[in-house]
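Asker:
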Amino acid sequence: MTPVGEVPDDPFLPGPMAIREAELRTSKRGPRIMTTQRQRVSFVGLGYVGLCTAVAFANRGFETIGVDIDAKRVAQIETGRAPIHEPRLDRMLKTALQTKRLKVTEDVSQVRATDVIFLTVGTPSEPGGEIRLSFVEEAAREIGRCLRDEHGYRLVVVKSTVTPGTTRSTVRPVLEEASGKKIGVQLGLCANPEFLREGSAIDDTFQPDRLLIGAMDGETAARLEGLYRAFFGGKLPPTIVTTPETAELVKYASNAFLATKVSYINTIANIAQLVPGVDVEKVAEGIGLDPRIGPLFLKAGPGYGGSCFHKDLQALIAFSHALGYDPRLLGAVEEVNEEQAAKVVELSERLLGSLRDKRVTVLGLAFKKDTDDIREAASIRVIERLKQKGAEVTAHDPIAIPNARLLLGDSVEFAADSASAIRDADCCIIMTEWDEFRKLSAKDYIEAMRSPNLVDARRLYKPEDFEGLNLLGIGLGKDKARGG
Ligand SMILES: NC(=O)c1ccc[n+]([C@@H]2O[C@H](COP(=O)([O-])OP(=O)(O)OC[C@H]3O[C@@H](n4cnc5c(N)ncnc54)[C@H](O)[C@@H]3O)[C@@H](O)[C@H]2O)c1
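First residue of the sequence shown? That's 57 in this note's numbering, and the numbers climb one at a time after it.
#1: One question on the structure: do Ile296 and Ile327 come within less than 9 Å of each other, judged by their Cβ atoms?
#2: I need the boundaries of the alpha helix (DSSP H) containing Ala138, first residue and last residue.
#3: If I measure Cβ to Cβ from Met90 and keep anything under 6 Å in the same chain, skipping five residues before and after, which residues do I get?
#4: Excluding five sequence neighbours on each side, which residues of the same chain lie with their C-beta closer than 7 Å to the C-beta of Gly184?
#5: Roughly how many angstroms lie between the CA atoms of Thr219 and Arg266, to the nearest whole one?
#6: For Phe174, does the three-state DSSP call read helix, strand or coil?
#7: When you compare each of Gly101, Ser474 and Cys108 to Val177 by their alpha carbons, which one comes out closest?
#8: From the DSSP secondary-structure annotation, give me the bridge partner or partners of Leu23.
#9: Please report the residue range of the alpha helix (DSSP H) in which His366 lies.
#10: Please work out which residues of its chain come closer than 7 Å, Cβ to Cβ, to Gly350, disregarding the five sequence neighbours upstream and downstream, and give them in chain order.
#11: Please return the same chain residues whose Cβ sits closer than 6 Å to the Cβ of Val318, not counting the five positions on each side in sequence.
#12: Let me confirm a value: Gly236 is counted as buried when at least 16 other C-beta atoms fall within 10 Å, else exposed. Which label applies?
#13: Please tell me whether Asp124 and Gly106 are closer than 9 Å, where the distance is taken between their beta carbons.
#14: Can you name, in chain order, every residue of its own chain whose Cβ lies under 6 Å from the Cβ of Ala247, other than the five neighbours on each side?
#15: Is it right to say Pro610 is buried, meaning 16 or more other beta carbons lie within 10 angstroms of its own, or is it exposed?
#16: Using a 10 Å radius around the Cβ and a threshold of 16 neighbouring Cβ atoms, would you call Ser435 buried or exposed?
#17: What does Gly342 pair with, by DSSP beta-bridge criteria?
#18: Using only the alpha-carbon positions, how far apart do Glu79 and Phe288 sit?
#19: Looking at the secondary structure, which residues open and close the alpha helix (DSSP H) in which Thr299 lies?
#20: May I ask you to report which of helix, strand or coil DSSP gives Ser98?
#21: Taking buried to mean at least 16 other C-beta atoms within 10 Å of its own C-beta, is Gln396 buried or exposed?
#22: What I want to know is whether the C-beta of Asp368 ends up closer than 8 Å to one or more non-hydrogen atoms of ligand 1.
#23: Within the present structure, is the beta-carbon of Pro180 separated from the nearest heavy atom of ligand 1 by less than 8 Å?
#24: May I ask you to report which of helix, strand or coil DSSP gives Gly540?
#25: Name the one or two DSSP bridge partners that Leu268 has.
#26: Kindly indicate the opening and closing residues of the beta strand (DSSP E) around Thr120.
#27: Hey, out of Ile133, Ile187, Val400 and Arg384, whose CA is closest to Arg514's CA?
#28: Count the other C-beta atoms from every protein chain shown that fall within 10 angstroms of the C-beta of Ser83, then say buried if there are 16 or more, exposed otherwise.
#29: When you compare the stretch 411-430 with the stretch 446-456, are there three or more beta-carbon pairs, one atom per stretch, that lie closer than 8 Å?
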């Protein structure tokens with residue numbers, strides 16, 4: 057059996073008999089989960105979270121059903137090609153389908169055949185920052201209706217990111233009304249927020265830092281713990297069993313803290329940039345050695361992006377305001393992040409003067425490497441500003457161009473590779489830390505560009521390797537910046 061923490065290459069682990077034993081659990085009131093067979097699981101909503109987790113469960117040998125209302129999405133998943141880019145996902149999806157451990161469908165009634173139903177639909181932002189709960193409510197209603205005539209115990213698990221109180225005050229009444237059952241009797245309900253990161257979603261699912269089980273009652277907690285014990289081969293990652301509200305807040309507090317770290321180091325970077333001889337990378341290294349601070353997530357750059365940080369901060373701010381408290385720190389974190397795109401554009405202006413009619417190349421559109429997700433990506437904020445200032449923008453990304461095209465249309469020229477993207481450019485801005493861009497040398501830029509001006513918003517390059525270029529980097533003090 058592969059121990060927890062190791063991700064097997066082909067993670068069909070552990071064997072069914074081991075699972076059966078692992079699932080035999082007891083509580084104060086006697087044996088609770090006497091499953092003689094593996095629990096069957098379903099996921100309602102097959103986005104990043106639902107699809108990656110469903111595929112992971114299927115690859116661990118669970119009978120898994122994935123449901124999505126988007127027929128095109130379901131049809132594509134059925135062919136074994138994931139609609140999102142995640143390392144290892146396609147290969148594992150194919151295996152899951154071939155072995156028939158994973159079935160995907162638009163028909164939500166199929167969740168009836170499963171013991172644990174994960175709710176993994178989206179919770180996008182409303183204009184005021186609050187989360188839109190309509191997808192969660194609708195999915196809960198459909199799940200409830202399907203379970204109306206069922207007799208066995210079912211567990212519903214809210215994995216979507218929802219503000220504290222949502223599982224108890226929104227999902228619970230909807231489920232109870234639609235199913236005609238009482239939570240805690242034939243139906244279990246808990247919040248179990250997800251912490252996976254896009255770009256490493258599969259690894260994160262097999263090796264999470266922690267599990268948060270926000271259970272409405274002891275039975276629910278024991279059942280979900282039992283399922284995860286089976287999934288992890290007997291040994292759980294660090295697990296906190298708590299109230300649904302606490303679990304829900306942990307998710308927001310985690311993302312708010314990470315976003316704060318990013319805006320914090322970007323603030324320090326913006327100061328460093330004004331001081332001769334200072335490099336924010338060394339500053340980050342220096343402060344990161346303090347164990348109370350730690351080295352992770354202290355990388356200065358163009359600001360955070362992705363589907364979660366901005367959305368979750370806005371939701372937490374709106375939630376807090378509704379309770380009568382103004383979380384000023386979190387507002388500042390968002391403001392600093394928004395302004396960071398302007399800092400990147402300012403660096404290109406320091407090199408070029410006016411941007412009007414200048415050819416500016418943006419290398420990287422995805423909000424980080426190893427994903428094709430451009431939601432809230434800093435590249436989009438930078439491109440919008442460049443366009444406002446009259447620049448002609450050419451962009452390249454190894455995989456995110458189709459998504460970017462949907463958003464940016466013809467306002468940007470998309471180049472098939474980095475070499476053609478930088479040809480005849482007046483300035484190039486590195487926006488995503490793709491390995492492909494790391495391989496470009498000073499010579500590549502000098503030979504291809506009209507004038508070799510480079511803004512390294514990700515600090516991919518060592519300035520000393522780029523002597524012949526006008527290089528400005530985020531958080532790189534004035535005298536290191538040639539042309540600055
Ligand atoms: N993306 C991440 O990295 C990440 C990480 C942790 C947590 N989360 C949270 O997890 C939740 C899901 O995020 P995501 O990025 O996977 O969302 P997503 O928008 O990529 O996917 C949601 C899916 O749910 C489907 N859906 C909507 N209503 C449905 C219904 N009634 N029945 C069946 N399917 C339905 C949609 O068609 C879509 O495919 C969100 O609350 C998000 O904040 C996301």
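Quick reminder that beta carbons are idealized off the backbone N, C-alpha and C, glycines included.
Nothing here was measured: the structure is a model prediction, and the numbers come from that model.
Answerer: Walking through what the data contain:
#1: no
#2: Element bounds for Ala138: n/a, residue is neither H nor E.
#3: At Met90, the pLDDT of 38 sits below 50, so the modelled position is not reliable; the number obtained from the coordinates is stated separately. Result list for Met90: empty, nothing under 6 Å.
#4: Ala374
#5: 19 Å
#6: strand
#7: Gly101
#8: Any question about residue 23 goes unanswered here, given that the chain covers just 57 to 540.
#9: Phe365 to Ala378
#10: Gly344
#11: Tyr360
#12: exposed
#13: yes
#14: Val214, Thr223, Gly270, Pro300, Ala303 and Glu304
#15: Not covered by the structure: residue 610. The range shown for the chain is 57 to 540.
#16: buried
#17: In the DSSP output, where bridge partners are listed per residue, Gly342 has none listed.
#18: Note that Glu79 has pLDDT 39, beneath the 50 cutoff, so the model's placement of it is unreliable and no number is given.
#19: Segment: none, Thr299 is in no alpha helix (DSSP H) and carries neither H nor E.
#20: strand
#21: buried
#22: yes
#23: yes
#24: In this prediction, Gly540 has a pLDDT of 40, which is less than 50 and means its spatial position is unreliable; what the coordinates show is noted afterwards. Residue state, collapsed to three classes: coil.
#25: Ile296
#26: Thr120 to Val123
#27: Val400
#28: With a pLDDT of 39 at Ser83, under the threshold of 50, the predicted position of this residue should be treated as unreliable, and no value is reported.
#29: yes
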